[in-house]
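Protein chains: 2
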Amino acid sequence: MPQKVRIALDAMGGDVGAAVVIPGAAIALSRHPDAEFLLFGDSAKIVPELDQHPRLKAVSRVIHTDVAVSMEDKPSQALRRGRKTSSMWLALEAVKKGEADVAVSAGNTGALVAMARFCLRMLEGIDRPALAAIWPTRRAKCVVLDLGATIGGDAHHLVALAAMGGALASVLFEKPRPTVGLLNIGVEEIKGHQEIREAGEMLRSMNLPQLDYIGFVEGDGIGKGEADVIVTEGFSGNIALKAAEGAVRQMMDLLRSAIKASWLAQIGYLLARGAFRVLREKIDPKNYNGSVVLGLNGIVVKSHGGSDAEGFARAVDVGYEMARFDLLTKINQTLNRDGGALAPAPVAQEAVS
Amino acid sequence: MPQKVRIALDAMGGDVGAAVVIPGAAIALSRHPDAEFLLFGDSAKIVPELDQHPRLKAVSRVIHTDVAVSMEDKPSQALRRGRKTSSMWLALEAVKKGEADVAVSAGNTGALVAMARFCLRMLEGIDRPALAAIWPTRRAKCVVLDLGATIGGDAHHLVALAAMGGALASVLFEKPRPTVGLLNIGVEEIKGHQEIREAGEMLRSMNLPQLDYIGFVEGDGIGKGEADVIVTEGFSGNIALKAAEGAVRQMMDLLRSAIKASWLAQIGYLLARGAFRVLREKIDPKNYNGSVVLGLNGIVVKSHGGSDAEGFARAVDVGYEMARFDLLTKINQTLNRDGGALAPAPVAQEAVS
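Chains as they are written, first to last, in the UniProt record's numbering: chain A, 1 to 353; chain S, 1 to 353.
Encoded structure:
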């Protein structure tokens, strides 16, 4: 990787587009002065924004295209209309051509995953992409995947997710051997689905040097911080993330209306507002923006479509770190080197009788 | 149903047993003076508790047994050791024999579901039991099922869950035609699993008089109150519930430690503590205790194993209401009467050309 981190941005992605992406990039640049940007999209919209951020302008190149994938496009429509021409595709292609180290888009998730898969192709041994997000816990943070890039999957898929999530966590949290748990339920006698039990057995017998498999984790174990990486197929991962987000939002609403209902509570709130700010800071989805699309020959980060400039900057931060600390190499090592996750299981030595 | 509501209690169930169950029953009796109780378990433990609650004692009968299912017993162990003899089994059997209108147990979930299935048998047309819980939402409350009585399931299973959940919601919320949504994710082009889409089509074409099918609901739609009933198979239902519970607990922890860190915030908290009490009241799991085991020839309510007397009383309240308002008849109507959920789909009339 060259000295600079070269970041390709889909400047048209998200609910707002350039008016969020460009100021967001400017914020990220202030935190990472060694970043450079390729900005793909409608130059008539990008350039006026860029003119307001001269430092960003100095390290950016604008590549014009009229075509943008809309937030409503289905993946197949996006591919049909936007392949080779859209700002989303061109940002991904820059990574493919080696002109950028990472692509960041706030465009629609389904389209981005489909295009990334089509443009960058899957890593050797990986069948399907996955979306990984950073989740706040009581103890610190954890990585949860897959959040819905695809749904379902056998034990090998779960093991691949564990390996990729482990590599991501080792980069993000600077842990050489992050703990990994499989999301499961504790009610049934024989716990959970067959494929989860199988994946657990595989991970245990592999005993990978790059990750520490700790067993099953239930839904409430995510927030408790029971593991650095929580692995599950995309359906339940998506449900878990959204149910938790919904519960938090609902609680904030309830608290707000309870406080509004009493003037004493309002005074109390004013006095305690420092504490509330700490809380909001810790749980604000904006601070956890930036899901990583894993499993590809290239690094792609998905920003929330509705995020503001500060939120988008966080997604750029994630992309920067993934590129700077060479996520792809780490993933490949975990998957393939020294009896990695995709190597055949070691044969037990026969005991001498 | 006779004038009185007769409630069979597994007095040994839960982490504590009689010392929670008996005071809990006393609290529930104060709210429902027309209840009567059958108390199954070790009379040496039950009677001393009962002596402290003379009003409860006056409407209770103690049926002694030495055998209790432990919280650690696997379902198969519980059945082997506790069938026909344990306090859990005897409470269920009282319902089967028509001596009680409902059974309530805080015993272990897997054992209770297995025993209930074995003792009471499934309703006609229902293959598997389901666990339904009441969930607080921004707007009011909703019913979520299945929370893990079994995992997986085809479209017919989901339709049966919708019908049973609808009947439960109509009793709980006094709505003649509660809204029902299928839990799903919104990322993939063709949303979610095949069986969910199929179930959606079936529910739409059935257009049942007892429930209003509104389509798919995402994970964050549960807390928003998008439907009175949220239907999903047991794995994702369990994950959703626990992830949301975990997020709420985590948030309360964060808030608590943020407030503790500043004396100004502590004063603010004192002033606002009425508002916090309102919040706690609204989200306290204790106030939502009591999951209903659905699909059986009889009403069974599961209390959380770790709940206190007030929590257990809530579970008894749920059981009381289910019996008083004749949940079973409502379920059977929704399932079978007038082209109910289990009737064959109506054949479209041919248009006269």
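Ideal Cβ positions, reconstructed from N, Cα and C, are used throughout, including at glycine.
Computed from a predicted model, the values in this text were never measured in an experiment.
**Item:** Alpha carbon of S257/A to alpha carbon of Q77/A, nearest angstrom
**Value:** 43 Å
**Asked** Do G268/S and L279/A have their C-beta atoms within less than 8 Å of each other?
**Response** no
**Prompt:** Mind listing which residues of the segment 192 to 203 of chain A have their C-beta closer than 8 Å to chain S's C-betas, in chain order?
**Reply:** Those would be G192 and H193, in chain order.
**Message:** Please tell me whether M115/A has its Cβ less than 8 Å away from any Cβ of chain S.
**Reply:** no
**Asked** When you check each C-beta in the segment 229 to 244 of chain S against every C-beta of chain A, which residues fall closer than 8 Å?
**Response** T232, G234, F235, S236, N238, I239, A240, L241, K242, A243 and A244
**Request:** Establish whether the CB of K282/A and some CB of chain S are separated by less than 8 Å.
**Result:** yes
**Request:** Run through the segment 33 to 82 of chain S for me and flag every whole beta strand (DSSP E) of 3 or more residues, listed as ranges in chain order.
**Result:** 35 to 41 and 60 to 64
**Message:** Starting from G215/A, trace the beta strand (DSSP E) in both directions and tell me its first and last residue.
**Reply:** D212 to V217
**Message:** For V278/S, would you say it is in contact with chain A, using Cβ-to-Cβ distances shorter than 8 Å as the test?
**Reply:** yes
**Message:** I'd like to know if D15/S contacts chain A, where contact means its C-beta is closer than 8 Å to some C-beta of that chain.
**Reply:** no
**Asked** At least one CB of chain D closer than 8 Å to the CB of D154/S: is that the case?
**Response** Here the protein chains are A and S, and chain D is not one of them.
**Item:** Residues bridged to A8/A [DSSP beta-bridge criterion]
**Value:** L38/A and A103/A
**Item:** chain S residues whose Cβ lies nearer than 8 Å to that of D253/A
**Value:** R138
**Request:** Could you run through the segment 257 to 278 of chain A and flag, in chain order, every residue whose CB is less than 9 Å away from some CB of chain S?
**Result:** S257, A258, I259, K260, A261, S262, L264, A265, Q266, I267, G268, Y269, L270, L271, A272, R273, G274, A275, F276, R277 and V278
**Prompt:** Whose Cβ in chain S lies nearer than 8 Å to the Cβ of K286/A?
**Reply:** By Cβ distance, chain S contributes nothing, its closest Cβ being about 16 Å from K286/A, past 8 Å.
**Request:** Just the C-alpha distance for T179/S and N207/S, rounded to the nearest angstrom, thanks.
**Result:** 12 Å
**Request:** Establish whether the CB of L182/S and some CB of chain A are separated by less than 8 Å.
**Result:** no
**Item:** Residue range of the alpha helix (DSSP H) that includes S307/A
**Value:** Per DSSP, S307/A belongs to no alpha helix (DSSP H) and is neither H nor E.
**Message:** Check for me: the beta strand (DSSP E) holding P178/A runs from which residue to which?
**Reply:** Unbroken run through P178/A: none, as it is neither H nor E.
**Asked** Terminal residues of the continuous alpha helix (DSSP H) containing A25/S?
**Response** A18 to R31
**4 or more residues per run - each alpha helix (DSSP H) lying fully within the segment 100 to 152 of chain A** = 109 to 120
**Interface partners of L218/S on chain A, CB under 7 Å** = Note that residue 218/S is Glu in the sequence shown, not Leu. The contacting residues are K242.
**Prompt:** Quick one, are the C-beta atoms of L9/A and V21/A less than 8 Å apart?
**Reply:** yes
**Prompt:** Can you name the start and end residues of the alpha helix (DSSP H) that I239/A belongs to?
**Reply:** G234 to K260
**Message:** Please confirm whether G223/A has its beta-carbon closer than 8 Å to some beta-carbon of chain S.
**Reply:** yes
**Request:** Keeping to the same chain, check which residues put their C-beta closer than 7 Å to that of I126/S; ignore five residues upstream and five downstream.
**Result:** A160 and G295
**Request:** List the residues of chain A that residue 439/S touches, going by C-beta distances under 9 Å, in chain order.
**Result:** Any question about residue 439/S goes unanswered here, given that chain S covers just 1 to 353.
**Prompt:** Going by DSSP, which residues form a beta bridge with L161/S?
**Reply:** Paired residue(s): none; L161/S is not in a bridge.
**Item:** Cβ shell of D34/A (< 8 Å), same chain only, five flanking positions each side left out
**Value:** Q3, K4 and V5
**Presumed contact (8 Å Cβ cut-off) between D15/S and M71/S, rounded CB distance** = 7 Å
**Asked** Would you report the Cα separation of M12/S and G305/S, rounded to the nearest angstrom?
**Response** 11 Å
**Asked** Under a CB-based cut-off of 8 Å, is G125/S close to chain A?
**Response** no
**Asked** In its own chain, which residues sit with a C-beta less than 6 Å from the C-beta of V318/S, not counting the 5 before and 5 after it?
**Response** G290 and V301
**Asked** Would a C-beta distance cut-off of 8 Å place F40/S and A25/S closer than the cut-off?
**Response** No, the Cβ-Cβ distance between F40/S and A25/S is not below 8 Å.
**Residue-level contact to chain A via CB, I63/S, 8 Å cutoff** = no
**Message:** Could you compute how far the alpha carbon of G165/S sits from the alpha carbon of L123/S?
**Reply:** 14 Å
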